[in-house]
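Mapped onto this note's numbering, the consecutive letters of the sequence shown carry residue numbers 2 to 81.
For glycine and all other residues, C-beta sits at the position ideal for the given N, C-alpha and C.
Just so you know, these numbers come straight off a predicted model, no measurement behind them.
Below you'll find the structure, written out as structure tokens, and then a few comments.
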Amino acid sequence: MLASVVTGEAIASPIITRLLKSDEDIKLPPAPVLAMTPLAPLKVDDAERLALKEQRKARKAVEQEEARRRREQMANARRK
């Protein structure tokens, strides 16, 4: 593994790379194949999660309303 790290920084990196890939004595072992399966989506939201979503939605609406009021106030101040 150390040789694979040095390969990117060494002057002779093309030669080291070729040796690591083809020379039987120095060749790196093949990387293990990992089977990845996608996670199943949640089918039913529990009550806590639904309550949290509602809280976030309400907070976002309040913040958007405050931002709209600030923009209106700034626009009115510029007109005067």
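Enclosing alpha helix (DSSP H) for residue i [first to last residue]
i	result
residue 15	14–23
CB-CB length for residue i against residue j, believed under 8 Å
i	j	result
residue 40	residue 29	Rounded, the Cβ-Cβ distance is 31 Å, inconsistent with contact.
Simplified DSSP state of residue i, which is helix, strand or coil
i	result
residue 59	helix
residue 75	helix
residue 54	helix
residue 68	helix
residue 32	coil
residue 48	helix
Residue i at chain C interface by Cβ criterion, 8 Å
i	result
residue 29	This model lacks chain C altogether, as it is built from one protein chain only.
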